[in-house]
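Residue numbers (our numbering): 175 to 301.
Laid out in structure tokens, this is it:
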């Protein structure tokens with residue numbers, strides 16, 4: 175918004191007329207537009223400042239080699255379990271292990287109906 179007005183002001187032939195035009199534009203109908211632009215610009219500035227603070231916080235965590243959880247609880251086990259570029263711990267389960275489906279049935283669950291109930295009229299030999 176500033177650059178077009180500046181180019182218009184510098185390219186005008188009569189500077190007095192240009193200054194008079196700028197004063198009438200700034201104190202007239204466009205005043206709510208300018209206040210809206212100022213409010214939006216302020217919100218963008220606040221958001222940029224807060225994102226910068228978050229970035230600095232993450233740099234602090236990286237420099238101290240802590241996670242957010244360790245920082246908030248003040249856990250001092252950095253030498254035992256490195257959190258930045260450290261080796262992974264042991265797996266909690268084997269993702270390639272075969273699971274017997276009968277082990278997944280709960281004791282309080284009703285057993286499924288026998289296979290004869292499913293489309294027995296379609297697949298039986300009695301026509």
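Think of the CB as a built atom: it goes at the ideal place given N, C-alpha and C, for glycine as much as any other residue.
For residue 240, count the other beta carbons within 10 Å of its own beta carbon; 16 or more makes it buried, fewer makes it exposed. Which is it? Its Cβ being crowded by 16 or more others within 10 Å, residue 240 is buried.
For residue 226 versus residue 235, is the C-beta spacing smaller than 9 Å? no
How long is the line joining the alpha carbons of residue 219 and residue 275, rounded to whole angstroms? 57 Å
Quick one: give me the first and last residue of the alpha helix (DSSP H) that residue 242 is part of. Run containing residue 242: 242 to 247, per the alpha helix (DSSP H) assignment.
For the ligand COA, any of its heavy atoms closer than 8 Å to the Cβ of residue 243? The ligand COA is not part of this structure, which contains no ligands at all.
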